[in-house]
Structures are given as C-alpha cells and as structure tokens.
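Step one of this worksheet: look at the structure below.
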C-alpha cells in the first residue's frame, strides 16, 4: 500500500523511512471521505487489516474501526536430505598424473558410437574419484558455523561441570563452573567477531560468504516450504514436492514437434546463405583455452563433476575431450549423457507455497557447456551478419541501453514535434520453451548450417531429459520436446535465429527487439496510420501461427506517446481481443510513461534502493571497514539508481535530488560511524571524505562512456551512425570547432533531453571547458580520467 500521491518532500520522507526499515503499510480500508488517514505500519509482510463485523468502539467517521490480523503459524521449510558426496579438496596432482598416463587414442578410438566413448571416459574418471577424492556427509550441526573446535570443547566441559555442580553442590565445582562460563562468554564474542571479520575481508573475492552469513541470520536452511500446492493438489513430502514441480514444468512444453510431410533437412532450406558450414574440427589447444575460462565457483552438474575438478585437471582431460568433441561433430550426434539437466525451482513472487510462482533454472553438465562454448563463436560468426539490426538481445555490442536509446530518442523527437506515437508491446507465452525444433532446423539451414553439423544440432535439440532437484530429492524424469536448452551457451543464439524473420513481417512500423521482447511503434497522423499499425500486428500474429508460437493477449499492451490535448482515438486488436491501453509500461526494466518524464521509474528505483540501503544497514552493522560498506553500497544500492540511466537521466531538479537522497543517507550513515568526522557535515564534504562523487556526476560519466563506446564502435547499431552526423563548416574555420556534431533544432525540453541529443550536448559542453578531450582518439580509460568524474575508491 504505497501512497499514490506522495510527490512532496514529506511524502518521500515517510515512504523512504518505511522502505529503509523494511516495514509495510497494510491498511487498505478508506474512511467516509475515501481517504487513508489511519496507517498500519508493521514488519510482518503477511499481516492484513479488515473491517470488524461488529463495532469495537465508538469513533469518528473519518477513523473507522480496524481489525489487524497477524499470522502466528511459523512457516515450516523442507528439510534437506543428507547423503554422501565427494569433497573436491582432493589430491589433484595424483589425479592429473593418472589421467595423463592413459592412452586415450587406444581407449576411445575403438568405440562404436559417441555414447560408448563417453561411458569409457566417465568410467576412468569415476575410478580416480573413488581413489583420490574423499566422501563426506554434510549433517547439520547443532552449533553455529562460527563456533571453533576449541570453543565447542569448552562448552562441553562447561556443561559437564554444570551437571556435576547441580548433582553434588560442591562449592569448588561452582567456582570452576562460573570460571568456565565467563570464559565461554568471552570466547563466544571472539569467535563471532573473527567470523564476521573474515566475511568482511573476503567480500570482494568471495561474496558467497556474505550471503551465507545473511542466510544464517534469517534462520533458514531452505527456501522451499514443507507444504506445496498446485491448483487443488497439496503435497507435504520431499519426493511428492519435486514430482509436483516436475509436473508443472513439464506442462510448459508442447507435444513433440514433427516436420511437414515434404520436409527434409537436405532439401528444404530457407533463404540463400552466402556461406555454408557443414563440419567443424576442434583441437586440443582450443579445449585447454576454454577450460581456463571456466568459473570454478559453480556447483556440481548432473553428472556429479563440478567445474573445479575440470579446471584443476584441464591439462589432462583436454585430449580425451577433444577426441569426444570431434567424434560427436563427425557423427552428427550429441552425447545423451550431456543432454541431462538438473532443474532447480527459484521463487519469483507471490505465495511461496504455490508451485506456479517458481521458475525453473537449468543446470547442465560442465563438459556439455565447455563443448558449446567452443562451438558457439563459430556459429555466431556465421550468422551474425544475417541477424536483423533490430535485435539487441544476446549479441556482442548490443545491450538493453542500445535497444532503448534509439526507441526513446525517436519517440521523444516525434512528440517534441507535436505528433502522436502509438506503440504496441507484445508478450510471447513461454517463448524459449515453445520453439519448434523442425522449424528451427530449417531456419538454421537457411543461415548456412548444413551436413553433419545440421544433423548434430538436430541431435542436440531432441529428447533432452530433465529432473527437478530440491534439497537432495530428485523427481521423475521428463523430456523437453520443444524449446531451446536453458542454461546453455547455444540456446539464446538458437532462439534469436528462430525469431529473426519476424522483423520481415513488419512493413509499416518501426520495430525494436530484445530476444523475445518485441515492440512496434509508428507516428499516427491519420486513421490510415492506425490501420497500418494494426496490419503489422496481424502479420506478427500470422507469423506466430506459422511458427507454433503464442501471443498472450492479456499481457500485450498499447500506449500513446503525445502531449497533444486532442489525441487521435485509436484501438488495436489481437485476434479479436482489444489490447488494453496503459499510461505507463515496464520496458526491459525501465518504466516508460506516456509523457516520457520517467517519474514512475525514478520513484520505483529510489524505493528499491531505499529497501536495499536498509538491508545494508541492518546486516553490516558490525563491519568496521568503510571500504567494505562502500563496496556493498555500490553493488546492492547504487546499481538500482544507475541501471540504464542513459535512457532516463532526469532533467528536472526535483527528480535529480530524489535520486541523490539515497546517497546522501548512505554517506550520513558512514559519517555517523566514523571517528573524528560528524554526520552533520555538508554532503559535498562527506563525498570528499569518502572519495565518492555525486550520482549526478556519475550519470554524466555513464553518458560519456556510452558515447565513447558508440563512437569507437564497441556498440554496434546503425541508428547511432545515422543520427550523429558531423557538423561540416561552409568555410575553413580559424579556430577549433565549438560543436563537432550536428544537432537539429527542438521545441521543448523533451526534445532537448532525448537520450542521444542530450549526450551530444553534454559532450559539446565538456569540450568547451576541456579542449584536450577527444572522443575519437582517447581510449575509454583515458577519456574517463580526463573528464575527472570517476571515483578513486576509499
């Protein structure tokens, strides 16, 4: 229950206080004047307020009786199932020595198929694991993890002495017991202090320790409740819970897709590719380079072998893996063992006991992802030039910012000119999981993939077994008959290949695409423009029908961008269902409103940052180093205030100050805990003391960094080259040009603050005071240093 009209300093102060302290306002009952005068603020998220059935007391009509309901049942979580597993702090030199002593050419060359090769490879690896890697069962200790062994022994001795004193009542035992108790108190403080200091010191290198510390403070070892429900079905045991998750996740996929009757991989290809790629060969050195890039901090894969084992034994397993990779590509068969995926449900939002509120996260074999990481760049180089310029997802030199900056700049310029722009946002239902394999293979053929390599992709996609794993419980296996593999390297690339030709169906409008997030927009001057926009929407719907995809009409929206008093009434339909018109919409994490003021996005970002600032204050109270707190602030808090700031950089002072208020509060918190420096010192002095710069200066730096990447070609988008023309003087200038880029005239602040126009104006302002600043010559690091706005750190 956030107040809808609180755009005042007092309103912001109240809401920020609530969010920083992790509180909730739960009263939704208005008084006789339809106002909320009585606020119920609590730290309990599940509390709610109702009107009592009978009048509890006589009161004014402006203050009705309220009945507060507080839950008293503590949620019980599913207990982990403890079972033996390998402890990979092993004797790796001996394992490497044994692996290098194997004649892999002889062992693997005589196998009939790729699956037999993999069985032999795993047999050798498993035997070495049994010999050199110890097993352990992780049982939950009754003592906190920061208790040292000596402290546990001291506690046991104290308890033993206490029992003896209670039994015999010997005064000497009482003295000894009191002495041991005081020693335990002192050691408790020391153990916890050492544990906390260790976490604080390792936050930059090992942030997992910090999150385990937070998890322990919350007192939960699991995130899955012991009772889960799906529709009317309720289960309360570990095996039943994972099977219920599996049932729900399996329902997302469509039945097995079959190609048309006249379709064959060899003859039916779409398009006329400039290059054809039929086979690949992988050398041992390529495998070794890929192994060095593995993140060893990741967990074990479905085959039980974690990335740390692969990385530590990289020099020994590179040869057998190269033999397996090449055999797989030559035969056009992807190993069955590497298709297996372990699915971990992750909570999204809503009731955490409802299975529908979880999304599946797929964990694949480390060897499988290593294989894909080598194949990926080859396929990407083949298809990248054929991918539509409107696609910004999963491509090098593209990002959310490169998608939104052209879109917002175009719309801002049109609205500044007094015109109306209509945009339609579409939503695909489970897009990545509904990809038809037969159609995808035909499109791959059209991009130039053929022969054994195309057959390899067919084997890679089909019959991929999955099972849900929660707290040591594993579900029954189900198969993904459609879709691209989640958690893989090739999956996102295959999806943008699949959806690439949807842009060709849009004939009259501009289109912007980020993976499956598609929006079309057009300047509306007359009814004819509305009909053209509707015809493009109908063409997209027809593409979906031909490609076995589904548009969710309830999540597709229409928004008008204009400042005209008399707007042209428009209505758009999707398969007969009228699209809902909205005044603001969330676009790739940025809330865009019809006036392009971004007020809602700024308030939402500040609210989220205030919540994270409260989280930081509550959980870092014992940290002594300012550097640690500043690092946590930059990671957890400031990131929300700077996400895609190039798009929504505020140009009203009230919005800029609203964003800056979060950093003001943080620096005040730092100063309050600093010796010899008062938290009442001005904000600028606090910034100098902690070697920080204001968020306004940070946004300028981010704008200029984006500008440099555009000019240097790191961001690849034709829109920037088309709309950043150089200013060419009519006569030879005597001095240095004041303005390098041409900027067309505008009518209002909206056109002046359009992202691309604003960035160019900022650069022109900088070069007037810093003549040596050269975006064409300086490298990015030098460019930032010359601006002089980058933080040096504490």
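Residue numbers (the UniProt record's numbering): 1 to 794.
The beta carbon of each residue, even a glycine, is placed where N, CA and C say it ideally should be.
Under a Cβ-count criterion, where at least 16 other Cβ atoms within 10 Å of its own Cβ denotes burial, should residue 806 be classed as buried or exposed?
The question about residue 806 has no answer here: the residues shown for the chain are numbered 1 through 794.
Taking C-beta to C-beta, are residue 632 and residue 659 nearer than 8 Å?
No, the Cβ-Cβ distance between residue 632 and residue 659 is not below 8 Å.
In angstroms with no decimal places, state the Cα-to-Cα distance between residue 268 and residue 442.
With a pLDDT of only 40 at residue 268, under 50, the local geometry of the prediction cannot be trusted, and no value is derived from it.
Just to confirm before moving on: does the CB-CB distance between residue 476 and residue 467 stay below 8 Å?
Yes, the pair counts as a contact, with Cβ atoms nearer than the cut-off.
When the Cβ atoms of the stretch 54-68 are set against those of the stretch 102-122, are three or more pairs found closer than 8 Å?
Verdict: no, contact absent.
Are the Cβ atoms of residue 249 and residue 343 separated by less than 8 Å?
It is a contact, given that the beta carbons lie within the stated cut-off.
Residue 558 lies in the beta strand (DSSP E); which residues open and close that run?
From DSSP, the beta strand (DSSP E) with residue 558 extends over 557-561.
Could you pull the start and end residues of the alpha helix (DSSP H) that residue 673 belongs to?
Neither: residue 673 is in no alpha helix (DSSP H) and is coded neither H nor E.
Could you pull out every residue in the same chain whose Cβ sits closer than 8 Å to the Cβ of residue 53, ignoring the five residues on either side in sequence?
Closer than 8 Å at the Cβ level, and outside the excluded window around residue 53, lies no residue.
Just the C-alpha distance for residue 174 and residue 163, rounded to the nearest angstrom, thanks.
Those two C-alpha atoms are separated by around 10 Å.
Buried or exposed for residue 264, going by 16 or more other Cβ atoms inside 10 Å?
For residue 264, the pLDDT reaches just 41, beneath the cut-off of 50, and the residue's location in the model is therefore unreliable, although a value from the coordinates is still provided. Exposed: under 16 other Cβ atoms inside 10 Å.
Please classify residue 560 as buried or exposed, where buried requires at least 16 neighbouring CB atoms within 10 angstroms.
The residue is buried, with at least 16 neighbouring Cβ atoms inside 10 Å.
Could you name the residues of the same chain whose beta carbon sits closer than 6 Å to that of residue 134, not counting the 5 residues immediately before and after it, in chain order?
Result list for residue 134: 87, in chain order.
Whole angstroms is fine: what's the gap from residue 770's alpha carbon to residue 711's?
Answer to the nearest angstrom: the Cα atoms are 18 Å apart.
Among 317, 709, 474 and 20, which residue has its Cα nearest to the Cα of residue 237?
Considering only alpha carbons, the answer is 474.
Taking the beta carbon of residue 177 as the centre, do at least 16 other beta carbons fall within 10 Å, making it buried, or is it exposed?
Counting Cβ neighbours within 10 Å, residue 177 comes out buried, since at least 16 surround it.
Out of 755, 77, 32 and 166, which has the shortest C-alpha to C-alpha gap to residue 597?
The option with the nearest alpha carbon to residue 597 is 755.
Cutting at 8 Å between CB atoms, please list the residues of its own chain near residue 189, excluding the five before and the five after it.
Same-chain partners within the cutoff: there are none.
Using DSSP with H/G/I as helix, E/B as strand and the rest coil, what is residue 504?
In this structure, residue 504 counts as helix in the three-state DSSP scheme.
Below 8 Å between beta carbons: does that hold for residue 670 and residue 637?
The answer is no: Cβ separation not under 8 Å.
Tell me the residue span of the beta strand (DSSP E) that contains residue 718.
Note, residue 718: premise wrong, no beta strand (DSSP E); alpha helix (DSSP H) at 718-722.
Are residue 509 and residue 536 closer than 8 Å when you measure CB to CB?
Taking 8 Å as the Cβ cut-off, residue 509 and residue 536 qualify as a contacting pair.
Across which residues does DSSP place residue 69 in a beta bridge pair?
Residue 69 pairs with 48.
In terms of residues, what are the limits of the alpha helix (DSSP H) holding residue 360?
Not the alpha helix (DSSP H): residue 360 falls in the beta strand (DSSP E), residues 358-364.
With distance defined between alpha-carbon atoms, name the residue in 545, 603, 171 and 604 nearest to residue 575.
Checked all of 545, 603, 171 and 604; the closest Cα to residue 575 is 545.
Who pairs with residue 523 in a beta bridge, going by DSSP?
Answer is 421.
Tell me the rounded alpha-carbon separation between residue 394 and residue 415.
Rounded to the nearest angstrom, the two C-alpha atoms are 31 Å apart.
To the nearest whole angstrom, what separates the beta carbons of residue 796 and residue 666, a pair I think is in contact under 8 Å?
Beyond the ends of the chain as shown, which are 1 and 794, falls residue 796; an answer cannot be given.
Taking DSSP as the reference, what is the three-state secondary structure of residue 228?
Three-state result, residue 228: strand.
Which value, in whole angstroms, describes the spacing of the CA atoms of residue 14 and residue 760?
If you take the alpha carbons of residue 14 and residue 760, they lie about 38 Å apart.
Do the stretch 410-429 and the stretch 514-521 make contact, defined as three or more Cβ pairs closer than 8 Å?
With the cut-off at 8 Å, the stretch 410-429 and the stretch 514-521 touch.
Between residue 785 and the rest of its own chain, which residues show a CB-CB distance below 6 Å, the 5 nearest in sequence each way excluded?
Closer than 6 Å at Cβ, skipping near neighbours: no residue.
Which residues in the same chain as residue 567 place their Cβ atom closer than 8 Å to its Cβ, once the five residues preceding and following it in sequence are excluded?
Excluding sequence neighbours, residue 567 sits near 420 and 560.
Look at the alpha carbon of residue 75 and the alpha carbon of residue 225, and state the distance between them as a whole number of angstroms.
Their backbone Cα atoms lie some 7 Å apart in a straight line.
Spell out a yes or no on whether the stretch 709-729 and the stretch 678-693 are touching, meaning 3 or more CB-CB pairs, one atom from each, closer than 8 Å.
Not touching, per the Cβ criterion.
Compute the distance between the beta-carbons of residue 470 and residue 646, then report whether it is under 8 Å.
No, these two residues do not count as a Cβ contact at 8 Å.
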